[in-house]
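**Student:**
Numbering (this note's numbering), first residue to last: 32 to 460.
Structure follows, in structure tokens:
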């Protein structure tokens, strides 16, 4: 019976342990699921998949940081990325550096360089458009802000282009006459280029020629700079020769309220894992660098990115170590000088009180031989001089002064006793 009871007791102890173990595993799985559910998610305004391999980009970022990049499903290609940041539908966007400053938008990093590609129909005859009722049909791929800016500059100067134009959209009847595409120089990506077109330099329609677009453009638009598409870069008509073009930085931007720690990690992985990104998109990420000037950007740097770039900067004590050392030395010097001055002044006061000591001692030695009334009068004068010196700060009310007053008080009692007992000496005696 006792064995049976013991066996039952052992079985009874095992059952609660199993329940606790199951509960612990359930709690662990719940914690893991919660950590996954609350992982940092940053929505990126929908990038152009023909320019950027978003899937590869997001995979690398999530592997290295745990941050999951997701495309903003509420926006489509051509929508304004700045608006998507301001309305909160996205936390990140890729914008051209020619965009005007907008409060609340911050730069994370210049990702890559885009170039203004200009293509025209092979059979386009500008002369036939002059005097006709048909406006020039222009296609601006992805509704590029830089392309519109360059178009305005081109129409201001071009003598061969009609001033009337209309923006042609995919799905509109006919074909466009001229196409603007702003994107990285990437011979592997020509899906934007339609059949029957040829690449042309901006100077084809501009009497000012290439000189303006090479040397003069930066005076009007500092964010644009001249570049060149080397000959035979593309297997496209018109690129049998080199083509002068314009380049602009593509900025990864975020709203200023986006979590600084997430932006810090994103900046870190983009720069430190550049070889991985460049292996996926060499035409894009080979331009990425930490060496840039903030003065070249439309938007100031995000606090999280700034924290990353300044992580190795010397602290306050290191930065001002020489100045602080000099200040400490100066304070020590002033303190030492003040102490020395105090000691010198104390010695001078001591020397002055010693003179009063001698005068009182002279009176004390004459106490038995001279008139006590006259000596008492002399003593009072000495005390008056001493207290006047004390008030004028030529003497200090220290132990020496207290000894002096005690000595004078003793002599005063002695002289008064002599006067009280009639021990006065007449003058001439």
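Even for Gly, the Cβ is constructed at its ideal location relative to N, Cα and C.
Which residues share a DSSP beta bridge with residue 125?
**Tutor:** Paired residue(s): 283.
**Student:** Exposed or buried, residue 325, counting other C-beta atoms within 10 Å across all chains shown (16 or more means buried)?
**Tutor:** Exposed.
**Student:** Is it right to say residue 422 is buried, meaning 16 or more other beta carbons lie within 10 angstroms of its own, or is it exposed?
**Tutor:** By the 10 Å Cβ count, residue 422 comes out exposed.
**Student:** Give the secondary structure of residue 173 by DSSP, where H, G and I count as helix, E and B as strand, and everything else as coil.
**Tutor:** Correct three-state label for residue 173: helix.
**Student:** Out of 401, 282 and 392, which one is the CA nearest neighbour of residue 414?
**Tutor:** Among 401, 282 and 392, the Cα nearest to that of residue 414 is on 392.
**Student:** Assess contact between the region 317 to 324 and the region 173 to 182, defined as three or more Cβ pairs (one per stretch) separated by less than 8 Å. Is contact present?
**Tutor:** Segments in contact, no.
**Student:** Would the region 299 to 311 count as touching the region 250 to 267 if we require 3 or more Cβ pairs under 8 Å?
**Tutor:** Judged by Cβ distances under 8 Å, the region 299 to 311 makes no contact with the region 250 to 267, as fewer than three pairs qualify.
**Student:** Using a Cβ-Cβ cut-off of 6 Å (strictly less than) and excluding sequence neighbours within five positions of residue 321, which residues of its own chain qualify?
**Tutor:** Excluding residues within five positions, the ones whose Cβ falls inside 6 Å are 302.
**Student:** Alpha carbon to alpha carbon, what distance is there between residue 280 and residue 312?
**Tutor:** Approximately 16 Å, taken between the alpha carbons.
**Student:** Across the region 120 to 128 and the region 196 to 205, are there enough close Cβ pairs to call them in contact, namely three or more that are closer than 8 Å?
**Tutor:** The region 120 to 128 vs the region 196 to 205: no contact.
**Student:** If you draw a straight line from the C-alpha of residue 153 to the C-alpha of residue 236, how long is it?
**Tutor:** Going by the C-alpha atoms only, they are around 14 Å apart.
**Student:** Assign residue 106 to one of two classes, buried (16 or more other C-beta atoms within 10 Å of its C-beta) or exposed (fewer than that).
**Tutor:** It is buried - the Cβ of residue 106 has at least 16 other Cβ atoms within 10 Å.
**Student:** Measure the Cβ-Cβ separation of residue 282 and residue 323 and say whether it is below 8 Å.
**Tutor:** Cβ distance not < 8 Å, so residue 282 and residue 323 don't count as in contact.
**Student:** If you count every other CB in all the chains shown that lies within 10 Å of the CB of residue 219, and 16 or more means buried, which is it?
**Tutor:** Its Cβ having fewer than 16 others within 10 Å, residue 219 is exposed.
**Student:** List, from N- to C-terminal side, the beta strand (DSSP E) runs of 3 residues or more that fit wholly inside the region 239 to 307.
**Tutor:** Runs of the beta strand (DSSP E) inside the region 239 to 307: 256 to 260 and 274 to 286.
**Student:** Nearer than 7 Å: is that true of the beta carbon of residue 225 relative to any heavy atom of the ligand NAP?
**Tutor:** Among the components modelled here there is no ligand, and therefore nothing to report on the ligand NAP.
**Student:** Taking contact to mean 3 or more Cβ pairs, one atom from each stretch, closer than 8 Å, check whether the region 135 to 145 and the region 93 to 112 are in contact.
**Tutor:** No, the region 135 to 145 is not in contact with the region 93 to 112.
**Student:** Quick check: the region 243 to 250 against the region 200 to 212, are there 3 or more CB pairs under 8 Å?
**Tutor:** Touching, no, given that fewer than three Cβ pairs across the two stretches are closer than 8 Å.
**Student:** Residues bridged to residue 137 by DSSP?
**Tutor:** Residue 137 is bridged to 285.
**Student:** Does the beta-carbon distance from residue 148 to residue 230 come in below 8 Å?
**Tutor:** Yes, they are a contact pair.
**Student:** Sort 224, 170, 264 and 333 by Cα distance to residue 290 and report the nearest one.
**Tutor:** Checked all of 224, 170, 264 and 333; the closest Cα to residue 290 is 333.
**Student:** In its own chain, which residues sit with a C-beta less than 6 Å from the C-beta of residue 417, not counting the 5 before and 5 after it?
**Tutor:** Within the same chain, residue 417 has close Cβ partners 387.
**Student:** For chain C, check one thing: does any of its Cβ atoms lie closer than 8 Å to the Cβ of residue 328?
**Tutor:** No chain C appears in this structure, which consists of one protein chain only.
**Student:** With a Cβ-Cβ cutoff of 8 Å, do residue 277 and residue 98 count as a contact?
**Tutor:** The answer is no: Cβ separation not under 8 Å.
**Student:** How long is the line joining the alpha carbons of residue 270 and residue 254, rounded to whole angstroms?
**Tutor:** Each residue's Cα considered, the two are about 25 Å apart.
**Student:** Is residue 96 helix, strand or coil by DSSP?
**Tutor:** Residue state, collapsed to three classes: helix.
**Student:** Beta carbon of residue 365, beta carbon of residue 442: below 8 Å?
**Tutor:** The answer is no: Cβ separation not under 8 Å.
**Student:** In chain order, what residues of the same chain lie with their CB nearer than 8 Å to the CB of residue 410, ignoring the 5 residues before and after it?
**Tutor:** Taken in chain order, the residues that qualify are 391, 394, 439, 442, 443 and 446.
**Student:** Can you grab the Cα-Cα spacing for the pair residue 436 / residue 384, in whole Å?
**Tutor:** Their Cα atoms are separated by approximately 11 Å.
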